[in-house]
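Chemist: First, the structure itself, so that you have it in front of you.
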Amino acid sequence: MIFALSMAAVTLAVTWALAAAPAMAVLPLGVSVPQDKRAEPAVTDAIKHYRCLVWAIGIAATLISVATWKWPTIAALPSLIVIFGALFAYVKSRRRIIEAKAAGGWYDDVETAISAQITATPLSNSALANLTAQPRFPWIWVLGSLLMTATSAGIVAQGWDTIPKTIPTHWGASMQPDAWSDKGIGTVFGLTFVNLGMIAVFALIFWFICTSSVHSRSDRSIKGQLRNRAVMDATNQATGFLLFVICLPMSQIQVASALPRYAGWLPVGFIGVIVMSLVGVIALIMMILRAQTRIDDALRGVNFPDDGKDSPDNDEFYKWGMFYYNPDDPAIMVDKRFGAGMDFNYARWQAKVFMVAVLLLLIGSVALPILL
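Written out as structure tokens, the structure is:
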């Protein structure tokens with residue numbers, strides 16, 4: 098029952114995060130809309146429709162998790178139902194905006210502008226001086242994750258002689274082991290390798306965000322680009338925190354699963370992964386929303402030459418309103434169309450190399466314990 102309730106909590110958290118996504122997006126449901134049309138009933142109703150669908154699917158999925166508590170495998174699936182349901186709601190709801198935009202000719206005779214910063218010199222306006230910095234690498238969270246992982250591996254290494262020749266490698270919903278394997282580096286330190294692989298993937302993403310120019314394609318005004326920069330920094334820091342809070346219980350499980358004297362703490366680690374993941378996701382969304390509020394407050398009353406002008410309608414370059422694909426655009430990284438963070442221009446070779454690298458890292462972190 099505890100497992101089912103945990104999965105129900107995860108499902109509700111996923112539902113809340115997906116329902117909150119429109120609040121983080123610059124464009125309503127990823128559709129280019131002129132500023133004076135964003136309060137149109139077609140737009141506001143579409144967003145309400147999306148949220149209602151997501152919450153309806155999420156509540157139903159949560160009830161399924163609780164009702165199937167006797168079958169843990171089924172109880173773990175509803176969160177996936179919410180994700181696919183939200184995708185359906187996104188596609189269905191945004192179509193309303195697209196149809197209204199086409200029927201009303203919203204971009205007919207609309208003056209558009211594209212602004213760009215051509216030097217590295219920050220804006221002289223003192224109120225914005227601390228809002229124009231590039232995204233920072235979340236060193237404290239990455240190093241904390243590495244330290245936590247190394248500490249747990251060191252504790253296990255010190256107690257190597259106390260580890261039995263046959264060790265459990267999997268636990269069922271009742272927290273009892275249901276699979277065993279011979280003692281070995283790969284089986285004993287499996288979670289350490291998983292942690293290291295996860296840290297490597299996240300660090301690579303952080304590095305990309307910090308060293309590459311993330312070009313605004315959703316809102317290309319000066320204020321839009323300042324807002325995007327602040328959100329990117331908040332996303333980096335918040336995701337770093339998420340990485341740390343996930344590595345924390347994973348490291349605890351590493352120790353408790355390997356050393357018999359700590360086996361009683363294993364359920365705490367399993368529950369901790371769920372709880373800390375929820376805390377991390379909620380903190381991530383709150384930090385991003387806080388950064389958006391902060392930059393919006395700082396920009397209120399500040400005038401720029403392109404105020405009142407809209408960014409060009411570039412819906413044609415977004416596949417399903419999410420994936421940017423423009424071979425004529427030299428930009429490698431762009432802001433997310435829906436939600437927050439960055440994404441690739443999938444027409445560039447760097448995007449393909451990155452996806453292959455992430456895939457290899459994920460496969461390697463899982464395969465390495467088996468090979469060893």
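Under our numbering, read the sequence shown as residues 98 to 469, first letter to last. Don't be surprised by glycine CBs; every beta carbon is placed ideally from N, CA and C. Predicted model only: the values in this text are computed from it and were never measured.
Which whole-angstrom value describes the C-beta separation of residue 171 and residue 165, a residue pair presumed to lie in contact below a C-beta threshold of 8 Å?
Modeler: Contact flag correct, Cβ pair sits at about 4 Å.
Chemist: Straight-line CA distance for residue 223 to residue 326?
Modeler: Model confidence at residue 223 stands at a pLDDT of 46, short of 50, so the residue's coordinates are unreliable and nothing is read from them.
Chemist: Using the Cβ count rule (16 or more neighbours within 10 Å means buried), how would you classify residue 310?
Modeler: Exposed: under 16 other Cβ atoms inside 10 Å.
Chemist: Tell me the residue span of the alpha helix (DSSP H) that contains residue 474.
Modeler: Past the edges of the chain, shown from 98 to 469, lies residue 474, and the structure says nothing about it.
Chemist: With 16 as the cutoff for other CB atoms within 10 Å, does residue 141 come out buried or exposed?
Modeler: Exposed.
Chemist: Mind checking whether residue 351 and residue 253 have CB atoms under 9 Å apart?
Modeler: Yes, these two residues count as a Cβ contact at 9 Å.
Chemist: How about residue 245 and residue 345: are their beta carbons less than 9 Å apart?
Modeler: Yes, the Cβ-Cβ distance between residue 245 and residue 345 is below 9 Å.
Chemist: Bridge partners of residue 276, per DSSP?
Modeler: DSSP output for residue 276 lists 267 as bridge partner(s).
Chemist: Measuring straight from C-alpha to C-alpha, what distance separates residue 426 and residue 145?
Modeler: For residue 426 and residue 145, the distance between alpha carbons rounds to 34 Å.
Chemist: Distance, Cα to Cα, residue 187 vs residue 151?
Modeler: Each residue's alpha carbon lies about 9 Å from the other.
Chemist: Can you give me the Cβ contacts of residue 313 inside the same chain, cut-off strictly under 6 Å, excluding the 5 residues immediately before and after it?
Modeler: Result list for residue 313: 321, 322, 325, 432, in chain order.
Chemist: What first and last residue would you give for the alpha helix (DSSP H) that runs through residue 384?
Modeler: Note, residue 384: alpha helix (DSSP H), 363–396.
Chemist: DSSP state of residue 142, grouped into three classes?
Modeler: Helix, per DSSP.
Chemist: Quick one: using the 10 Å Cβ neighbour count with 16 as the cut-off for buried, is residue 456 buried or exposed?
Modeler: With fewer than 16 Cβ atoms within 10 Å of its Cβ, residue 456 is classed as exposed.
Chemist: How about residue 264 and residue 355: do their beta carbons lie closer than 9 Å?
Modeler: It is a contact, given that the beta carbons lie within the stated cut-off.
Chemist: What is the DSSP secondary structure of residue 103, reduced to helix, strand or coil?
Modeler: DSSP places residue 103 in helix when its eight states are reduced to three.
Chemist: Starting from residue 441, follow the beta strand (DSSP E) in both directions and report where the run begins and ends.
Modeler: Note, residue 441: beta strand (DSSP E), 439–441.
Chemist: If you drop the 5 nearest sequence neighbours on each side, which residues of the same chain put their C-beta closer than 6 Å to that of residue 131?
Modeler: For residue 131, where only same-chain residues beyond five positions count, the Cβ hits under 6 Å are 203, 207, 407.
Chemist: What first and last residue would you give for the beta strand (DSSP E) that runs through residue 430?
Modeler: Where residue 430 is concerned, the enclosing beta strand (DSSP E) stretches over 430–432.
Chemist: Could you have a look at residue 316 and say whether DSSP puts it in helix, strand or coil?
Modeler: Coil.
Chemist: Is residue 415 helix, strand or coil by DSSP?
Modeler: Note: residue 415 maps to strand in three-state DSSP.
Chemist: If we count the other Cβ atoms within 10 Å of its Cβ and call it buried at 16 or more, is residue 160 buried or exposed?
Modeler: By the neighbour-count rule (16 or more Cβ atoms within 10 Å), residue 160 is not buried but exposed.
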